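Residue numbers for the sequence shown, in the numbering used here: 7 to 126. Here's the structure, in structure tokens; my notes come after.
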Amino acid sequence: MNLYEHTIIARQDTSPSELKQLTEKYSKIIEKNEGEVVKAENWGLLNLSYLIKKNKKGSYIHFKIKGKGKVVEELEKNEALDKKLIRYLTVKVKDFDLNTNYFAKKDDSEKTEKKEKKTN
7 MNLYEHTIIA RQDTSPSELK QLTEKYSKII EKNEGEVVKA ENWGLLNLSY
57 LIKKNKKGSY IHFKIKGKGK VVEELEKNEA LDKKLIRYLT VKVKDFDLNT
107 NYFAKKDDSE KTEKKEKKTN
């Protein structure tokens, strides 16, 4: 089994319920093709570096997938036809980093620690 990290970018006007439907749709495609979704993350609405199909922002969804190459082929074939998506990217990796969440909001505890350091 190969390990893949797969990211899709949905249009900026996509609602949260539509994002959930997209996540479920592509998770089902992965499972139907003998793959496994190890983790699915919604990174939220982020600025794009440049305009893509007249969009300044995009909603990012990131999957960590175990499966064969057939899974990726099937995913990308479906994503190429999906009008709600503006980009997708698949990267083959050797190991997953399941501990770090790069797009999580900082905890209140971290904010208070910073304030304490500034006052001292």
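All C-beta atoms, glycine included, are put in the ideal place defined by N, C-alpha and C. All values reported here derive from a predicted model rather than from experimental measurement.
Once you ignore the five residues that flank residue 29 on each side, which residues in its own chain have a CB closer than 6 Å to its CB?
If you number the sequence shown from 1, residue 29 lands on position 23. Within the same chain, residue 29 has close Cβ partners 46, 67.
At 3 residues or longer, and completely inside the segment 36-90: list those beta strand (DSSP E) runs for me, N to C.
If we require 3 residues or more, the beta strand (DSSP E) runs fully inside the segment 36-90 come out as 42-58, 61-73.
Among the residues of its own chain, which have a CB less than 7 Å from the CB of residue 114, if the five just before and after it don't count?
What you label residue 114 is simply residue 108 of the sequence shown in a count that begins at 1. Reliability fails at residue 114, whose pLDDT of 45 lies under 50, so the model's placement of it is uncertain and no value is given.
Checking the sheet assignment: what are the DSSP bridge partners for residue 95?
Here residue 95 corresponds to residue number 89 of the sequence shown, with the count starting at 1. BP columns for residue 95 point to 13.
DSSP has residue 8 in a bridge; who is on the other side?
Start at 1 with the first residue of the sequence shown, and residue 8 comes out as number 2. Answer is 73, bridged to residue 8.
Is it the case that the Cβ atoms of residue 94 and residue 80 are separated by a distance below 7 Å?
For this step, residue 94 is matched to residue 88 along the sequence shown. For this step, residue 80 is matched to residue 74 along the sequence shown. Cβ distance not < 7 Å, so residue 94 and residue 80 don't count as in contact.
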